[in-house]
Structure formats: C-alpha cells, structure tokens
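A.B. asks: One line per chain: the protein sequences are Z and B, in this order.
Residues 1049 to 1312, numbered by our numbering, are exactly what the first sequence covers, in order.
Residues 96 to 242, numbered by our numbering, are exactly what the second sequence covers, in order.
Backbone N, C-alpha and C define an ideal beta-carbon position, used for all residues, glycine too.
This structure is in structure tokens; I'll ask about it shortly.
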Amino acid sequence: MGTVKIRQNITHMSAAEVTRFRNAIKEMIARNDNRGFQYFAGWHGVPLGICEHHNPLFLPWHRGYLYDFEMALQEIDSDVTLPWWDWMNEPGIPAAYNDKTAEGKANPLASAPIKPMGVPKQPGWPTKTRRDPGGHPPGQPSAVPPPLGNFYNRLMKSSSYTEFRTSLAELHDNIHVWVGGNGGQMRDPSWAAFDPLFWAHHAMVDRLWRIWQHEPQGEDPDHATMETPLTFAKGPPLRVRDVLKVTQLGYEYAAQSSTVAGTA
Amino acid sequence: MQSWTTAKPLAVPIPFDSVKRIDLEFVDVQCDDGSFSAYVFLNVKDLDPKAGRDHDRFAGSFSVFAPEECWGGEGHCDWKRGPVSAFDQRPPHHLTPINISMDITEAAIRLGDPKKLSVTVHAARTTDPKQSKDILRFKELTVLAYS
C-alpha cells in the first residue's frame, strides 16, 4: 500500500504547490485523448451525461469521478492532489481560480476551453467556460452567496445518510447556481465539469461527506445502495461500498502532524 | 419571476407548542428545464415581488441545479420514460423529479402560534428574468411537524 496523499484547501496551499497543480491542469487540458480534461468533463455533461444527482448515488458517484480524475492528474504529476474550495468559510471564489492571469499567462484555473470529445459541435454550444458569481436581476430570488458556514451544524447533525446527502445536495446545488449566475457554465450539469472550479467544489462536497462519516450518526448508505455499481466511462469497476473509505482511494483530507515512534 | 401561493392554508398537524421542528417538503420538483432559485415566505398577503431574505416573513430559500437545454436527441431528457421491461435494472432517469425539504422552524416560531400556514414562493431563473410561470413545477407541498 502506498502513501495516502492529502487533498488541501486551495487557499492554504503554497505558491509552489498551486503552480504545480495549475501546470498539471494545463497539461491535462492539452491532452486530447482519454487522459485529458475534456474527456473527463464529458462524463458529467456533454456527451456522456452519466452523472448522478438528487439520488443516493450522488455522493459515491462523484467520489469515484474525482478519484478517476485525480489519477489522470497524477499521471502528469504524482505529487498533485485535487484541492478543495472551502465555501463554508471563504467568501467568494479563491484567488487561485479567480485571477485571470497567473505568472504572466492566462490562468487555466479561471477558464477552460469546451471541446466535447466524440460529438460534432452544435450551434449555440459554449466554447469556453465563464462564471458570473452571484449574478441575478435585482429583486429576484438568487442563490445564497458563500460562505455557507451557517448551514454547517445542521448538515453535520443529519441523522441518516438520506438526510445528509439531501442536505448536502441542496448546498451543492446552491453553489453551482451561485457560481454560474446568469449563463455561466457551472449552473448547468451539461457544462459544469468543463469549469476547473467544478473539481474544487466537488472536492469540498466530498470532504464534507468524509467529515460526516466520522460523526457518530455518519452511517453508510443502505444495503441495496452499497452494492450498486457506479457507472464510469473507464477506470476500475467500483460499487458504492468501494468508495466509502477515502484512504483506500489514496487520499485524505485531514492535516497530519509528524509521526513519532511509539513504545513497542 | 414566478409567484405561487397555496390555494388554501396548510394546517400545522400538531399543537404548535409541542413542535420541535417543522419542515416544508416540496414533492416531485421537476428539474429538467434549467437551474433556478426560490424564496419561501409564510403567512403573508400582497407580497412585494421584490421581497428578499430580509423580509420578516421570509422562511428560507433553495436553488436547483438542472440542465438549461437538452443537447441530446428527441427523448434524451424525457425523465418520464420508464423501464423498458421487467428486466431493466438501470437506475431511474437522472432528471427524475426530486423532493426538496426546508426547515422552517425558526420562521414559524416568529409567527407566534400558527395553526395554519400559507406558503408563498417566488422562483426565478437568472437566464430569463421575465419568465413568470413553469419555473417551479412540483406535485404537492406538505407540512411535516415533529414533536
């Protein structure tokens, strides 16, 4: 068994760590085969659309999805992990994703091309991702802007898997709609995963599930759900039960202190 | 923006002084025609269309993440198509309607001792602010009170 890697809060990463992650994403975007960014984005949206939402598979499917994406990222740089965006505590989009430029060049985390693989482009399809955080006509209902920390305690007190994944899905939907604003791709499942921010958003969703799993009430999904296979375009065959322990997928969210020898 | 109000008030099913938590549940909310956001208000008449989160009868909000347009062929986003046979073990269509639950305990407490709840919902899509119907589409609304 190899060493478990830590997924970090993007805002707390060093400049060098952000640069390595950014370079790996840039390289992934440049790959036009089944290791590339467009390929994986197409699982969630155009053309495959095999994502799961608003049902018991929502959390396990996205955990497996991020795992496959992270493996592809680590083929480029084995030290890179998916960072998370702490929208529970951070107002707005993290600078690493929001800055238009980075080191004098276009920031690949701010916007990415949209070139769905294997299907002819249709009129009206977007060609690159954009965001309109919080954008909405004055006086009309809108998504709650981050930080969403006011919802944390209720979420973590969820007393069943159904209650937890439903509550977390509502926060997840809210962030998608808030980032997308008026016409941004994050508000549409067909295009959301083409936005690099999608992956940090879902790492946060996955992290919250991981934290709740440690709570006394953090139960597993029901038996039928546990045995359900997760549908992906490639990668190892995974059932829900195979993605419950993140350390078996090679990562963890908890910061770890240095280790000292015990008494044995 | 779409405005919808309960045709008749919903009864709080147990004495309010024994209520520990009270939820609204929107049943079978359709999520196949674009993302939207909704504000929910309780027991209010003649609500200003621009009423927001700071309104004293505001109870909560929710947003639904849904595809704006179907990019597939005919029937691709038709969630009503069911199993093709008794052997069809595939999961339901991913756009199958959902239930949305909202904890309105604090808002109900602010009303004092409500025996009935009139619910008003404002729903809007940022992509089409003039749309005034068919944004929030759902089968029924239920009040769930826990003692």
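Near Z/Ala1120, which residues of its chain fall below 6 angstroms by C-beta distance, leaving aside the five closest residues on each side in sequence?
C.D. replies: Closer than 6 angstroms at the Cβ level, and outside the excluded window around Z/Ala1120, lie Arg1083.
A.B. asks: So, using beta-carbon positions, are Z/His1224 and Z/Arg1235 closer together than 8 angstroms?
C.D. replies: A contact, by the Cβ cut-off of 8 angstroms.
A.B. asks: Any beta carbon of chain Z sitting closer than 8 angstroms to that of B/Ala218?
C.D. replies: Yes, because at least one Cβ of chain Z sits closer than 8 angstroms to the Cβ of B/Ala218.
A.B. asks: Determine the chain B residues that contact Z/Ala1191 at a beta-carbon separation under 7 angstroms, and present them in chain order.
C.D. replies: What Z/Ala1191 touches in chain B: Ser132, Ser158.
A.B. asks: Distance, Cα to Cα, B/Tyr62 vs B/Phe157?
C.D. replies: Lying before the first or after the last residue shown, residue 62 of chain B is absent from chain B, which here runs from 96 to 242.
A.B. asks: Step through the CB atoms of chain B and report whether any lies within less than 8 angstroms of the CB of Z/Asn1201.
C.D. replies: Output row for Z/Asn1201: interface = no.
A.B. asks: Closer than 8 angstroms, CB to CB, is B/Trp174 near chain Z or not?
C.D. replies: Chain Z, which has no Cβ nearer than 8 angstroms to the Cβ of B/Trp174, makes this no.
A.B. asks: Return the Cβ separation of Z/Asp1147 and Z/Ala1158 in integer angstroms, given the expectation that the two are a contact with Cβ distance under 8 angstroms.
C.D. replies: Confirmed, Cβ separation roughly 6 angstroms.
A.B. asks: Using a beta-carbon distance below 8 angstroms, is B/Pro104 in contact with chain Z?
C.D. replies: Closer than 8 angstroms: no.
A.B. asks: Which partner residues of B/His217 appear in the DSSP bridge assignment?
C.D. replies: According to DSSP, which records beta bridges pairwise, B/His217 is partnered with B/Ser98, B/Tyr134.
A.B. asks: Once you ignore the five residues that flank Z/Lys1176 on each side, which residues in its own chain have a CB closer than 8 angstroms to its CB?
C.D. replies: Closer than 8 angstroms at the Cβ level, and outside the excluded window around Z/Lys1176, lie Ser1159, Ala1160, Pro1161, Ile1162.
A.B. asks: Tell me which residues share the same chain as Z/Ile1124 and place their Cβ nearer than 7 angstroms to its Cβ, disregarding the 5 neighbours each side in the sequence.
C.D. replies: Only Ala1072, Glu1075, Met1076 meet the Cβ criterion.
A.B. asks: Around the Cβ of Z/Arg1202, are there at least 16 other Cβ atoms within 10 angstroms (buried) or fewer (exposed)?
C.D. replies: With fewer than 16 other Cβ atoms within 10 Å, it is exposed.
A.B. asks: Just to confirm, is the Cβ distance from Z/Trp1247 to Z/Gly1182 under 8 angstroms?
C.D. replies: Their beta carbons are not under 8 angstroms apart, which means Z/Trp1247 does not touch Z/Gly1182 by this criterion.
A.B. asks: Is the CB-CB distance between B/Ser227 and B/Met96 below 8 angstroms?
C.D. replies: Closer than 8 angstroms, so yes.
A.B. asks: Along the region 1101-1135 of chain Z, what residues have a CB closer than 8 angstroms to any CB found in chain B?
C.D. replies: For the region 1101-1135 of chain Z, which is checked against every Cβ of chain B, the residues closer than 8 angstroms are His1101, His1102, Asn1103, Leu1105.
A.B. asks: Quick check on the burial criterion: 16 or more other C-beta atoms within 10 angstroms. Buried or exposed for B/Leu239?
C.D. replies: Exposed: under 16 other Cβ atoms inside 10 Å.
A.B. asks: Helix or strand or just coil, what does DSSP make of Z/Leu1130?
C.D. replies: Reduced to three states, the DSSP call for Z/Leu1130 is coil.
A.B. asks: Return no unless some Cβ of chain B is closer than 8 angstroms to the Cβ of Z/Pro1237.
C.D. replies: Chain B contact via Cβ: present.
A.B. asks: Express the C-alpha separation of B/Arg176 and B/Glu169 in angstroms, rounding to a whole number.
C.D. replies: Roughly 12 angstroms between the two C-alpha positions.
A.B. asks: Considering only residues of the same chain and omitting the five flanking positions on each side of Z/Met1136, which have a CB-CB separation below 7 angstroms?
C.D. replies: Pro1195, Leu1196, Gly1197, Tyr1200.
A.B. asks: Does the distance from the CB of Z/Pro1156 to the CB of Z/Pro1237 come in under 8 angstroms?
C.D. replies: No, the pair does not count as a contact, with Cβ atoms beyond the cut-off.
A.B. asks: May I ask which residues mark the beginning and end of the beta strand (DSSP E) holding B/Met197?
C.D. replies: That run of the beta strand (DSSP E) goes 193-198.
A.B. asks: Quick one: which residues of the region 1204-1224 of chain Z get their C-beta closer than 9 angstroms to a C-beta of chain B? List them in chain order.
C.D. replies: For the region 1204-1224 of chain Z, which is checked against every Cβ of chain B, the residues closer than 9 angstroms are Glu1211, Thr1214, Ser1215, Ala1217, Glu1218, His1220, Asp1221, Asn1222, Ile1223, His1224.
A.B. asks: Can you confirm whether B/Glu201, when its beta carbon is compared against all beta carbons of chain Z, has any partner nearer than 8 angstroms?
C.D. replies: B/Glu201 does not count as touching chain Z.
A.B. asks: Compute the Euclidean distance between the alpha carbons of Z/Leu1286 and Z/Lys1053, then round it to the nearest angstrom.
C.D. replies: Those two C-alpha atoms are separated by around 20 angstroms.
A.B. asks: In terms of alpha-carbon separation, which member of B/Pro224, B/Ile117, B/Asp112 lies closest to B/Pro144?
C.D. replies: The shortest Cα separation from B/Pro144 among B/Pro224, B/Ile117, B/Asp112 belongs to B/Pro224.
A.B. asks: CB-CB under 7 angstroms to Z/Arg1258, same chain, minus the five flanking residues each way: which ones, in chain order?
C.D. replies: Around Z/Arg1258: Val1294, Tyr1301.
A.B. asks: Kindly say whether Z/His1092, judged by its beta-carbon, lies nearer than 8 angstroms to any beta-carbon of chain B.
C.D. replies: So no, Z/His1092 is outside the interface.
A.B. asks: Quick one: what's Z/Arg1287 bridged to in DSSP?
C.D. replies: For Z/Arg1287, which the question treats as bridged, DSSP gives the partners Z/Pro1277.
A.B. asks: In its own chain, which residues sit with a C-beta less than 8 angstroms from the C-beta of B/Ala202, not counting the 5 before and 5 after it?
C.D. replies: Answer for B/Ala202: Leu137, Arg152, Phe153, Ala154, Gly155, listed in chain order.
A.B. asks: Using a C-beta to C-beta distance shorter than 8 angstroms, which residues of chain Z count as neighbours of B/Thr100?
C.D. replies: Simply none; closest approach about 15 angstroms.
A.B. asks: For B/Glu235, list the residues DSSP reports as bridge partners.
C.D. replies: Partner(s): B/Val122.
A.B. asks: Write down the C-beta distance between Z/Pro1095 and Z/Pro1142 rounded to the nearest angstrom, noting that I regard them as a contact closer than 8 angstroms.
C.D. replies: With 8 angstroms as the limit, Z/Pro1095 and Z/Pro1142 do not qualify as a contact, their Cβ atoms being about 30 angstroms apart.
A.B. asks: When the distance is taken between beta carbons, is B/Thr100 closer than 8 angstroms to B/Thr222?
C.D. replies: Cβ distance not < 8 angstroms, so B/Thr222 and B/Thr100 don't count as in contact.
A.B. asks: Find the residues of chain Z that neighbour B/Ser196, judging by a C-beta separation of less than 9 angstroms, and give them in chain order.
C.D. replies: Simply Glu1211, Thr1214, Ser1215, Glu1218.
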